[in-house]
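Below: one structure, written as structure tokens.
2 protein chains.
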Amino acid sequence: MSEQGSPQPEPRGRMSAQAVSRAIRDDVINGVHRPGQRLTEEAMAARYGVSRVPVREALRTLEAEGFLHSRPYAGIAVVELDDGEAEDLLEVRALLEPLGAARAALRRTPEQLGRLKELVALGQDAVAGDRLAEVARLNSRFHEVIAEASGSRTLTQLVTQLSQKIAWVYSVQLPRRAADSWSEHAEIVRALELGDEELARSLVARHIDRARSAYRRRTNVVYDS
Amino acid sequence: MSEQGSPQPEPRGRMSAQAVSRAIRDDVINGVHRPGQRLTEEAMAARYGVSRVPVREALRTLEAEGFLHSRPYAGIAVVELDDGEAEDLLEVRALLEPLGAARAALRRTPEQLGRLKELVALGQDAVAGDRLAEVARLNSRFHEVIAEASGSRTLTQLVTQLSQKIAWVYSVQLPRRAADSWSEHAEIVRALELGDEELARSLVARHIDRARSAYRRRTNVVYDS
DNA sequence: GGTGCGACGATTGTATTCAATCGAGGTGAG
DNA sequence: CTCACCTCGATTGAATACAATCGTCGCACC
């Protein structure tokens, strides 16, 4: 454990348990807390400027989401990523997201469509500006919003977990990025706007297939999703 | 909120946070806490014989798992099940579990095979003895063990969440049960023992399809999975 | 010199206490 | 009579304090 130079790395006012949860999750996804690293409650409390109680609640949440692992009295640590983990995540996503997209084409609200367009704009902007962490975050959010638009709470929850984990895997394992996927995102939004169920389904399926093969080649396209 | 006659309904010694989490989850699945019902921290603390702190941690865990829903200062309540929720769960499971079964056929250990055989025996016994809650629990466990045997942490986590939710949906919405599915379970175990990937995949796919159509007919087979 | 045992420090788990916020019920003015 | 406002009770959110447990280091003993 290295000494902590800065107690509050992001002093965005005093955080509550939910905010602590988000902050720790972001720090895990962005590699601030590395896989296998042990997270002591007191260190987290100091880091985020709260007491141990909200920290514990946040850690339980993240444990349930699969980012952390704990055993009684043995402490809590960041999950170690298996080699096959990334491929598993992409394979499962390849099963789930086309289904969600097809439903979203039928059920999306105008508000959701607007948010998606906004996300595409922000994403393309972040790509142009080379802001990697922001690209990853927007990517996850994009797929989460589509899942929400499917109207299925089950799909929403699962896709949200998956896309966050995928962003994590990418950021930890691959320090590169891709730009093209955001034009595919724009295509997907258009299909949703048209309400074309099968087009949305196939576009998302192809989109994710490309991400998978790009990942397999370990080259170029990353942060794709 | 009716008055609490019995402070500790299951006095299995003093519970810790993890045990409280399991206990509340079981009570939700078995309909003790009904959908929409608000769960105050103090009532839970009294019910399970601990203070509010471990209760809060358990509630955060269950919230992340999707059984409960909370908003700041608005309290925490059992999620209300949509009408389409059950079908969504079954549809997603129909996508995921055949994949898990195929992998399990290749990677299952002898220990896991033994546990599955034991579960089949226990399940058939519980069916014969008409112990509904136990049948549901064993059902979930059976599918969870197969997912574990797939060697994919992603699949394990998702299938575990799904099977528990499905047990919940069934127990809340349908007060009937089925016996036959356990003979199908036995068939699946045999395929895993043979190491036949495609047989395992197709048996699980058919198994879940039957559960889905049974559910749609709203008759006979329940607690099937 | 190696090994087993025991005490200490560190960390987690829980309880108690206090502060912040929300909603319901009452009260008074219009 | 209706509605706005305000006060109060209840509940959640957070901090502090205390107890239980684990790992490690050191020492005695074999």
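Taken in order, these protein sequences are the chains called A and B.
Per full-length UniProt numbering, the first sequence starts with residue 1, numbered consecutively.
Per full-length UniProt numbering, the second sequence starts with residue 1, numbered consecutively.
C-beta atoms are modelled at their ideal positions from N, C-alpha and C, and glycine is treated no differently.
Residues that DSSP places opposite residue i in a beta bridge
i: SER70(A); result: ILE76(A)
i: ARG38(A); result: ALA77(A)
Which listed residue (the options) has its alpha carbon closest to that of residue i
i: ILE188(B); options: GLN164(B), ALA149(B), VAL32(B) and ALA77(B); result: ALA149(B)
i: ARG71(A); options: GLU87(A), LEU39(A) and ARG52(A); result: LEU39(A)
i: ALA205(B); options: GLY100(B), ALA17(B) and ALA77(B); result: GLY100(B)
i: TYR215(B); options: GLN164(B), PRO35(B) and GLU85(B); result: GLU85(B)
i: THR109(B); options: ILE146(B), VAL92(B), GLN18(B) and VAL50(B); result: ILE146(B)
i: ALA209(B); options: ALA128(B), GLU184(B) and LEU62(B); result: Rather than Ala, the amino acid found at residue 209(B) in this sequence is Asp. Closest option to ASP209(B), Cα to Cα, is GLU184(B).
i: SER213(A); options: GLU87(A), GLU42(A) and GLY36(A); result: GLU87(A)
i: LEU203(A); options: ALA94(A), GLN112(A), SER21(A) and GLY129(A); result: ALA94(A)
i: GLU80(A); options: TYR73(A), HIS69(A) and ALA74(A); result: HIS69(A)
Cα-Cα separation between residue i and residue j, rounded to whole angstroms
i: VAL53(B); j: VAL53(A); result: 8 Å
i: PHE67(A); j: ASP82(A); result: 13 Å
i: LEU119(A); j: ALA23(A); result: 21 Å
i: ALA46(A); j: HIS33(A); result: 15 Å
i: MET15(B); j: GLY31(A); result: 35 Å
i: VAL55(B); j: LEU192(A); result: 42 Å
i: GLN161(A); j: VAL92(B); result: 14 Å
i: LEU158(A); j: ILE76(B); result: 21 Å
i: ARG131(A); j: ALA64(B); result: 29 Å
i: ALA121(A); j: GLN18(B); result: 44 Å
i: ARG60(B); j: GLY36(A); result: 23 Å
i: SER51(A); j: GLU41(A); result: 9 Å
i: GLY49(A); j: ALA43(A); result: 10 Å
i: ARG153(B); j: ILE166(B); result: 20 Å
i: THR194(B); j: ASP180(B); result: The displayed chain sequence assigns Leu, not Thr, to residue 194(B). Each residue's Cα considered, the two are about 22 Å apart.
i: LEU155(B); j: GLN112(B); result: 16 Å
i: ASP27(A); j: ALA74(A); result: 22 Å
i: PRO175(B); j: ASP196(B); result: In this prediction, PRO175(B) has a pLDDT of 47, which is less than 50 and means its spatial position is unreliable; nothing more can be read from the coordinates.
Distance CB(residue i)-CB(residue j) smaller than 8 Å
i: residue 234(A); j: PHE142(A); result: Past the edges of chain A, shown from 1 to 225, lies residue 234(A), and the structure says nothing about it.
i: ALA211(A); j: LEU90(A); result: yes
i: ASN139(B); j: GLY123(B); result: yes
i: ALA136(A); j: SER171(A); result: yes
i: GLU57(B); j: GLU198(A); result: no
i: TRP182(A); j: ILE29(A); result: no
i: LEU62(B); j: ARG25(B); result: yes
i: GLU144(A); j: SER163(A); result: yes
i: PRO98(A); j: ARG201(A); result: yes
**OP:** Run through the region 136 to 191 of chain A for me and flag every whole alpha helix (DSSP H) of 4 or more residues, listed as ranges in chain order.
**Re:** The region 136 to 191 of chain A contains these whole alpha helix (DSSP H) runs: 153 to 173.
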